[in-house]
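Just so you know, we're using full-length UniProt numbering here: the sequence shown kicks off at 1 and counts up by one.
For reference, the structure discussed in these notes is given below.
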Amino acid sequence: RWRTARQDGPGSGDVRGELGCRRAEVRASSCELRSLAMAPAPPPVVYFSPAEVQRRLAAGACWVRCGARLYDLTDFVRHHPGGEQLLRARAGEDVSADLDGPPHRHSANARRWLEQYYVGELKEDPQGSVENGTETSANTQKTDPWMEPKFKAVDWDKDLVDWQKPLLWQVGHLGEKYDEWVHQPVIRPIRLFHSDLIEALSKSVWYNVPIIWMPLMLYFSWSHYRTLAQGNVRLFESFSTEYSVALPQSAFPGLFVMGVLLWSLLEYLIHRFLFHMKPPRDSHYLIMLHFVLHGQHHKAPFDESRLVFPPVPASLGIAFFYIILRILLPEAVGGTMFAGGLLGYIIYDMIHYYLHFGSPHKGSYLYNMKTYHAKHHFAHQKSGYGISSKLWDHFFHTLIPEEPHLKMQ
């Protein structure tokens with residue numbers, strides 16, 4: 001055939017080229033059809049009548065809408081930075097205007113977060129009354145009122161990882177996409193390791209913190225208070241006996257408070273420079289390290305099993321700081337400051353958990369810190385490093401900027 005084709009007259013090359021292009025088009029079309037056949041079909045849209053929405057509101061659910069899109073925020077109300085009452089007061093209403101503020105404009109991450117609670121579309125015109133329960137359509141589609149969020153299925157284009165498998169090894173391959181991906185929070189539990197034992201050691205319930213560390217703090221406090229009460233503790237004695245300073249029993253409260261303040265500084269420095277380091281995009285292992293230390297918390301901020309430090313890794317860090325204090329200071333001085341720092345750590349972990357799962361009274365200190373910390377998670381990851389207080393954010397000029405908004409009646 002090739003020999004015959006070469007002996008054909010002018011234009012035979014054009015014919016062969018056209019046939020080749022057509023064969024390529026057919027192959028491309030068949031590939032596209034196979035890709036479409038392999039791609040998972042999008043979930044069908046579920047429609048709810050105003051009366052159906054009203055029935056769920058009457059049962060205690062908290063549904064809101066943006067236009068005709070409906071969202072079930074029942075499981076989110078206690079996590080909302082503005083407080084549970086704020087969302088409950090808007091149940092059944094269109095919150096499109098609220099997303100733009102005041103008091104603040106919701107970030108892209110907050111809007112993406114909202115989409116995880118999407119349940120369907122309002123069957124009637126969004127201007128229709130959802131609140132009064134008027135039903136204008138008799139064709140009610142039956143559906144599970146506690147249906148799974150829209151984004152439950154894995155979407156590789158958006159998620160980049162397989163959520164059915166441990167994430168730690170996967171995130172190391174994200175490279176330059178890791179930093180953006182890890183700061184787009186989701187409402188999903190995280191599994192880090194293949195080993196069940198190591199996975200269990202990487203988690204902790206919140207009450208482990210006071211149960212394990214409070215007795216140790218009390219022991220160190222009482223033990224070193226008794227040592228100071230004996231009156232034979234001297235500061236700088238290892239450097240110079242002539243210029244050493246005797247520490248009375250009354251120095252205990254001051255040393256203890258210094259330990260609490262020292263922890264608050266360490267809390268800030270660790271959070272800013274270790275937890276929020278930006279790993280090089282070509283460093284597989286540094287990306288994994290960052291994800292284990294803190295990235296997994298930013299990816300799934302409401303995974304309650306990962307909100308406080310697990311006892312095993314926490315004990316390594318606590319032992320390290322105790323050894324440093326023992327090397328630099330007399331035993332009673334270092335031990336007293338260590339006890340104060342340990343109390344600071346306990347308070348920090350308890351406040352951190354409460355900022356994610358508590359519902360503080362509006363206008364209170366913890367309410368303001370909850371709002372502040374939520375902004376750190378959803379919009380200002382490069383500022384707002386203080387958890388238990390804003391003290392060091394003030395000092396190092398890393399406060400989250402306030403958003404100016406015109407007041408609306």
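Quick reminder that beta carbons are idealized off the backbone N, C-alpha and C, glycines included.
Bear in mind the structure is a predicted one, so any value in this text is a computation, not a measurement.
Is it a yes or a no for the stretch 326-346 touching the stretch 220-228, going by three-plus beta-carbon pairs under 8 Å?
Verdict: yes, contact present.
Is the stretch 318-334 touching the stretch 197-210, taking contact as three or more C-beta pairs under 8 Å?
With the cut-off at 8 Å, the stretch 318-334 and the stretch 197-210 do not touch.
Check each candidate in 183, 62 and 122 and name the one with the smallest Cα separation from residue 110.
Of the candidates 183, 62 and 122, the one whose C-alpha sits nearest the C-alpha of residue 110 is 183.
Checking the sheet assignment: what are the DSSP bridge partners for residue 118?
Looking at the DSSP assignment, residue 118 forms a beta bridge with 71.
Looking at the unbroken beta strand (DSSP E) that takes in residue 88, where does it start and where does it end?
Element bounds for residue 88: not the beta strand (DSSP E) but the alpha helix (DSSP H), 84-89.
Along the chain, where does the beta strand (DSSP E) that runs through residue 63 open and close?
Its beta strand (DSSP E) spans residues 63-66.
With a threshold of 8 Å on Cβ separation, who are the neighbours of residue 233 within its own chain once the five nearest residues in sequence on each side are excluded?
Taken in chain order, the residues that qualify are 227, 246, 247, 330, 332 and 333.
Between the C-alpha atoms of residue 368 and residue 362, what's the straight-line distance to the nearest angstrom?
Cα-Cα distance, rounded: 8 Å.
In three-state terms, what does DSSP make of residue 348?
Residue 348: helix per DSSP, three-state reduction.
Does the distance from the C-beta atom of residue 172 to that of residue 275 stay below 9 Å?
Cβ distance not < 9 Å, so residue 172 and residue 275 don't count as in contact.
Three-state secondary structure (DSSP) at residue 98?
Residue state, collapsed to three classes: helix.
Any contact of the stretch 165-180 with the stretch 276-295, i.e. 3+ C-beta pairs under 8 Å?
Result yes; three or more Cβ-Cβ pairs closer than 8 Å.
With DSSP as the reference, label residue 105 as helix, strand or coil.
In this structure, residue 105 counts as coil in the three-state DSSP scheme.
Could you tell me which uninterrupted alpha helix (DSSP H) segments, each at least 4 residues in length, are contained entirely in the stretch 254-301, listed from first to last along the chain?
The qualifying runs are 284-290 and 296-299.
Only counting runs of 4 or more residues, tell me where the alpha helix (DSSP H) segments fall wholly within the stretch 365-398, in order along the chain.
Counting whole runs of 4 or more residues, the stretch 365-398 contains the alpha helix (DSSP H) stretches 365-378 and 391-395.
Could you give the residue range of the alpha helix (DSSP H) that holds residue 54?
Run containing residue 54: 50-58, per the alpha helix (DSSP H) assignment.
Who are the Cβ neighbours of residue 386 in its own chain at under 7 Å, not counting the five residues just before and after it?
Cβ neighbours of residue 386 beyond the five flanking positions: 268, 392 and 393.
What is the C-beta distance between residue 301 and residue 185, in whole angstroms, given that I count them as a contact (C-beta under 8 Å)?
Contact holds; Cβ gap of about 5 Å.
Give every residue of the same chain whose Cβ lies closer than 8 Å to the Cβ of residue 217, excluding the five residues on either side of it in the sequence, and list them in chain order.
Here the set comprises 339, 342, 343 and 346.
Hey, out of 271, 288, 398 and 220, whose CA is closest to residue 255's CA?
With distances taken between Cα atoms, residue 255 lies closest to 220.
Straight-line CA distance for residue 402 to residue 375?
For residue 402 and residue 375, the distance between alpha carbons rounds to 10 Å.
Can you find the residues in the same chain that come closer than 8 Å, C-beta to C-beta, to residue 409, ignoring five residues on each side of it along the sequence?
Here the model assigns residue 409 a pLDDT of 37, short of 50, so the residue's position is not dependable, and the following value carries that caveat. Result list for residue 409: empty, nothing under 8 Å.
Can you tell me whether residue 234 is helix, strand or coil according to DSSP?
If DSSP states are grouped into helix, strand and coil, residue 234 belongs with the strands.
Quick one: Cα of residue 76 to Cα of residue 377, how far?
Each residue's Cα considered, the two are about 16 Å apart.
Would residue 299 be called buried (16 or more neighbouring beta carbons within 10 Å of its own) or exposed?
When all chains shown are included, residue 299 counts as buried.
Of the residues 262, 72, 108 and 67, which one's Cα is nearest the Cα of residue 321?
Looking at the Cα atoms, 262 is the closest of the given residues.
Starting from the Cα of residue 47, find the closest Cα among 71, 260 and 278 and give me that residue.
Checking every option, the nearest Cα to that of residue 47 belongs to 71.
For the alpha helix (DSSP H) containing residue 226, name the first residue and the last one.
That run of the alpha helix (DSSP H) goes 208-229.
Just to confirm my understanding: we take residue 201, look at its own chain, exclude 5 residues before and 5 after, and list those with CB closer than 7 Å. What are they?
Closer than 7 Å at the Cβ level, and outside the excluded window around residue 201, lie 310 and 312.
Quick check on residue 245: does DSSP put it in helix, strand or coil?
Residue state, collapsed to three classes: strand.
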